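One structure below.
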């Protein structure tokens, strides 16, 4: 249990997907104009990460890894399908994203239009594929650990995107030089937030 | 479908087609205007060489993927289009990677970093979704190449700035040392090689670009 | 455009079948070539850790050059367990350190490659595998016959950041390890530390890190400690013999 909390907290603050690994930047910068859309995208990411990481964990351990198929028959002891891992992970992610897209379209058409192209782009949001690849690389022991890592990373993304959206709502009232307005200043704010988050680096939990 | 396709036979490099190649370089630059492909722009711009390598790979993959999806565009069911597009990109990249591994092992070892970066590069997926899915093959190809080039330009500029000020070299050549500025008390700015400075560099590039090209200026301040 | 569910289902299945067939065909067809490349790359790395195979970039037939060099300089290979006892039935070259490092210490098969080079001294080459920032890091470390001093090291990675963590695979970084020691004067095992800017150096046991690549070099440091500490008993035994 302690280990689960540990992984969860680590993946939110110390290994924050946005600020420690700089993944998922595109949607992070493009869909953070208002807190409400940021909230929507953030929740979608939490959901997709929370589901795909455990699913991919199962796929990795029961299908792809060398010898993972031996539960079917001992004859498969030496089958190594790991060259398929990229494409399998992506297929799982893409189908989950498609599901989320259909759900959002039904439940909240307003959010659907404001997310625009960035909803399908969650599928290639590197934060999501990154989640699955990190899970593979770090070799978590149980599915609970993998799930805790997935949800934690999602929450880390949520925190980061709602944070920057709040700042952007505030700077509406600032006098920013014309050419720097919008995207330009957002890049710089993101850079500054990144520096701030670097202070978490090196904390051992 | 046959109607629209036969309407006009325009020359390969008509005004409209050339526009497809050139607008992504400035007016609709994928990084600074459309906000696509940022992650890889942070990861490979510490030095010029990987930035150039990634640019070339993305141009190839994007041209090809756009052509394939554009060929398939009338058969792809819209509900599973994301999966189809991703499968096309991923299979292309994996195929190239496997072939390199068998025949050009050294190259593949150096490129292994980029395989993941290309598959998850939202620029490719973004253009498939926004252009290739609803356009003919040749314009799609041009759009892919143009966007990849627009992306590459920003990558190379950022990498140049970061390598020059972060490590004092340009494409591995020790410029700062040759200029002798170290003796004057100059030091490399270690901060430039950290990812946050890539963000800030891109921010400044956007500033410069929009100061020059004023129609890109956004009305709302945030 | 709207299509019926049957169409979608069929489309997806056909796509999966085509892609899976093409990928597996390519993978089986190219498999032998790839395996040969991997074998040659592994042998090259082993040779490079003792500064052999230096003409690998110039020769036309790289494969036979590497095979020749390997025959010439690698005189003996064997596998030990954590107590230093030789395991007879395992071929050292086939041991995958990645799998071994996942096992508990007692079950690990630990390969040793013995090399005899020009100055008539034996070098002992140990394969290593660990985790960097984004993916695996790996390499080979060659020890002098005092089982203490590092003669040479080769490090490589799969996906570290170019210009930062990826610098571990440059000879400039690897040069720093030469002559470093694993045991201190009191015969205490301490491996080699890779310093972050805030750390203070330990004489003979530390090398400078890479700015901006601390997360990767930490991975390398952990890898060296984890791998070499599994060999600790064996090293001690051999040191006693001298």
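Chains as they are written, first to last, in the working numbering: chain A, 1039 to 1243; chain B, 119 to 340; chain C, 297 to 538. The C-beta atom is built at its ideal place from N, Cα and C for all residues, glycine as well. Bear in mind that the values here come from a model prediction, so they are computed numbers and not experimental data.
Item to check | Reference residue 1049 of chain A; option with closest CA among A:1072, A:1189, A:1217 and A:1078 | outcome: Reading the first chain from its first residue, position 11 is the one you call residue 1049 of chain A. Looking at the Cα atoms, A:1189 is the closest of the given residues.
Item to check | residue 315 of chain B: contacting residues in chain A (beta-carbon distance under 8 Å) | outcome: Translated into positions along the second chain, residue 315 of chain B becomes position 197. Correct list: 1229.
Next on the checklist: Under 8 Å, with one C-beta from each stretch per pair, do the segment 445-453 of chain C and the segment 462-481 of chain C reach the 3-pair mark?
Outcome noted: A contact exists between the segment 445-453 of chain C and the segment 462-481 of chain C.
Checklist entry - On the three-state DSSP scale, how would you describe residue 330 of chain B? => result To locate residue 330 of chain B, count along the second chain from 1; it is residue 212. In this structure, residue 330 of chain B counts as helix in the three-state DSSP scheme.
Checklist entry - Can the beta-carbon of residue 1201 of chain A be found less than 9 Å from the beta-carbon of residue 1055 of chain A? => result As a working note, residue 1201 of chain A is residue 163 in the first chain. As a working note, residue 1055 of chain A is residue 17 in the first chain. Pairing residue 1201 of chain A with residue 1055 of chain A gives a Cβ-Cβ distance that is not under 9 Å.
Checklist entry - residue 383 of chain C by DSSP, collapsed to three states: which one? => result Locating residue 383 of chain C in the third chain gives position 87, where the first residue counts as 1. In the three-state reduction of the DSSP assignment, residue 383 of chain C falls in the strand class, which pools E and B.
Next on the checklist: On a Cα-Cα basis, can you pick out the residue from C:413, C:400 and C:356 that is closest to residue 342 of chain C?
Outcome noted: For the purposes of this step, residue 342 of chain C is identified with residue 46 of the third chain, where counting begins at 1. For the residues C:413, C:400 and C:356, the minimum Cα distance to residue 342 of chain C belongs to C:413.
Next on the checklist: Just to confirm, is the Cβ distance from residue 59 of chain B to residue 190 of chain B under 9 Å?
Outcome noted: Lying before the first or after the last residue shown, residue 59 of chain B is absent from chain B, which here runs from 119 to 340.
Checklist entry - What is the DSSP secondary structure of residue 534 of chain C, reduced to helix, strand or coil? => result Sequence index remark: in the third chain, residue 534 of chain C carries index 238 (1-based). Of the three classes helix, strand and coil, the one that applies to residue 534 of chain C here is helix, per DSSP.
Next on the checklist: Let's test the definition: count the other Cβ atoms within 10 Å of the Cβ of residue 418 of chain C and tell me whether it reaches 16, buried, or not, exposed.
Outcome noted: Walking along the third chain from the start, residue 418 of chain C turns up at place 122. Under the 10 Å beta carbon count, residue 418 of chain C is surrounded by fewer than 16 other beta carbons and is classified as exposed.
Checklist entry - Helix or strand or just coil, what does DSSP make of residue 123 of chain B? => result In the second chain, counting from the first residue as 1, residue 123 of chain B sits at position 5. In this predicted model, residue 123 of chain B has a pLDDT of only 44, less than 50, meaning its place in the structure is not dependable enough to derive any value.
Item to check | Limits of the unbroken alpha helix (DSSP H) element including residue 1129 of chain A | outcome: Reading the first chain from its first residue, position 91 is the one you call residue 1129 of chain A. From DSSP, the alpha helix (DSSP H) with residue 1129 of chain A extends over 1123-1145.
Item to check | Residue-chain proximity (residue 1041 of chain A, chain C), Cβ-Cβ < 9 Å | outcome: Counting from 1 along the first chain, the entry for residue 1041 of chain A is found at position 3. Taking Cβ atoms only, chain C never reaches closer than 9 Å to residue 1041 of chain A, which makes this a no.
Checklist entry - Hey, does residue 1022 of chain A have any beta-carbon neighbour from chain C nearer than 9 Å? => result Any answer about residue 1022 of chain A is impossible in this case: the structure gives chain A only from 1039 up to 1243.
Checklist entry - Does the Cβ of residue 125 of chain B have 16 or more other Cβ atoms within 10 Å, making it buried, or fewer, making it exposed? => result By 1-based counting over the second chain, the position of residue 125 of chain B is 7. Reliability fails at residue 125 of chain B, whose pLDDT of 47 lies under 50, so the model's placement of it is uncertain and no value is given.
Next on the checklist: Can you confirm whether residue 1029 of chain A, when its beta carbon is compared against all beta carbons of chain C, has any partner nearer than 9 Å?
Outcome noted: No answer is possible for residue 1029 of chain A: the residues shown for chain A start at 1039 and end at 1243.
Next on the checklist: Here's the rule I'm using: 16 or more other beta-carbon atoms within 10 Å means buried, otherwise exposed. How should residue 364 of chain C be labelled?
Outcome noted: Position 68 of the third chain, counting from 1, holds the residue named residue 364 of chain C. Its Cβ having fewer than 16 others within 10 Å, residue 364 of chain C is exposed.
Next on the checklist: Which residues in chain C have a C-beta closer than 7 Å to the C-beta of residue 203 of chain B? List them in chain order.
Outcome noted: Translated into positions along the second chain, residue 203 of chain B becomes position 85. At a beta-carbon threshold of 7 Å, none of the residues of chain C lie near residue 203 of chain B; the nearest stands roughly 11 Å away.
Item to check | Which of helix, strand or coil DSSP assigns to residue 1216 of chain A | outcome: To locate residue 1216 of chain A, count along the first chain from 1; it is residue 178. Secondary structure at residue 1216 of chain A: helix, using DSSP grouped into helix, strand and coil.
Item to check | Integer-rounded CB distance, given that residue 1178 of chain A should sit under 8 Å from residue 1187 of chain A | outcome: Translated into the one-based positions of the first chain, residue 1187 of chain A becomes position 149. Translated into the one-based positions of the first chain, residue 1178 of chain A becomes position 140. Right, the Cβ-Cβ distance comes to about 6 Å (below 8 Å), so this counts as a contact.
Next on the checklist: Tell me which residue opens and which closes the beta strand (DSSP E) that residue 502 of chain C is part of.
Outcome noted: Counted from its first residue, the third chain places residue 502 of chain C at position 206. Membership of residue 502 of chain C in the beta strand (DSSP E) is indicated by the continuous run 502-504.
Checklist entry - What residues match up with residue 411 of chain C in a beta bridge as DSSP calls it? => result To locate residue 411 of chain C, count along the third chain from 1; it is residue 115. Looking at the DSSP assignment, residue 411 of chain C forms a beta bridge with C:370 and C:419.
Checklist entry - Which runs of the alpha helix (DSSP H), 4 residues or longer, sit entirely within the segment 427-488 of chain C? => result 467-471, all fully within the segment 427-488 of chain C.
Checklist entry - With respect to the alpha helix (DSSP H) encompassing residue 511 of chain C, which residues constitute its N-terminal and C-terminal limits? => result The sequence position of residue 511 of chain C within the third chain is 215, counting from 1. Boundaries of the alpha helix (DSSP H) harbouring residue 511 of chain C: 510-526, taken from the DSSP string.
Item to check | Contact belief for residue 1140 of chain A with residue 1102 of chain A at Cβ below 8 Å, rounded distance in angstroms | outcome: As a first step, residue 1140 of chain A is located in the first chain; it is residue number 102 there, counting from the start. As a first step, residue 1102 of chain A is located in the first chain; it is residue number 64 there, counting from the start. Taking the Cβ atoms as the reference, residue 1140 of chain A lies roughly 28 Å from residue 1102 of chain A, outside the contact range of under 8 Å.
Next on the checklist: Let me check understanding here. Comparing Cα to Cα, which of B:180, B:324, B:294 and B:233 lies closest to residue 246 of chain B?
Outcome noted: Position 128 of the second chain, counted from the first residue, corresponds to residue 246 of chain B. The residue with the shortest Cα to Cα distance from residue 246 of chain B is B:180.
Next on the checklist: Counting beta carbon pairs with one atom in the segment 319-328 of chain C and one in the segment 216-224 of chain B, are three or more of them shorter than 8 Å?
Outcome noted: In this structure the segment 216-224 of chain B touches the segment 319-328 of chain C; the number of beta carbon pairs closer than 8 Å is three or more.
Checklist entry - Roughly how many whole angstroms lie between the Cα atoms of residue 332 of chain C and residue 516 of chain C? => result Numbered from its first residue, the third chain carries residue 332 of chain C at position 36. Numbered from its first residue, the third chain carries residue 516 of chain C at position 220. Approximately 27 Å, taken between the alpha carbons.
Item to check | residue 490 of chain C - partner residues in DSSP beta bridges | outcome: For this step, residue 490 of chain C is matched to residue 194 along the third chain. Partner residues in the beta bridge of residue 490 of chain C, as assigned by DSSP, are C:503.
Checklist entry - What are the boundary residues of the alpha helix (DSSP H) that residue 1109 of chain A is part of? => result As a position in the first chain, residue 1109 of chain A is number 71, starting the count at 1. Counted as a single uninterrupted DSSP element, the stretch harbouring residue 1109 of chain A is not any alpha helix (DSSP H), since DSSP gives it neither H nor E.
Item to check | Contacting residues, own chain, Cβ-Cβ under 8 Å from residue 528 of chain C (five flanking each side not counted) | outcome: For the purposes of this step, residue 528 of chain C is identified with residue 232 of the third chain, where counting begins at 1. For residue 528 of chain C, where only same-chain residues beyond five positions count, the Cβ hits under 8 Å are 485.
Checklist entry - Under three-state DSSP, which class holds residue 207 of chain B? => result Residue mapping note: residue 207 of chain B aligns to position 89 of the second chain, counting from 1. Looking at residue 207 of chain B - three-state DSSP - the assignment turns out to be helix.
Checklist entry - Are there 16 or more other CB atoms within 10 angstroms of the CB of residue 1137 of chain A, so buried, or fewer, so exposed? => result For the purposes of this step, residue 1137 of chain A is taken as the residue at position 99 of the first chain. Result: exposed.
Checklist entry - Can a CB atom of chain B be found closer than 9 Å to the CB of residue 373 of chain C? => result Translated into the one-based positions of the third chain, residue 373 of chain C becomes position 77. Not an interface residue.
Item to check | Under 9 Å (Cβ pairs) to chain A, residues found in the segment 298-331 of chain C | outcome: Answer set for the segment 298-331 of chain C: 312, 315, 316, 319, 320 and 323.
Checklist entry - Should residue 329 of chain B be flagged as near chain A, meaning a C-beta pair shorter than 9 Å? => result Numbered from 1 along the second chain, position 211 holds the residue referred to as residue 329 of chain B. With its beta carbon less than 9 Å from one in chain A, residue 329 of chain B belongs to the interface.
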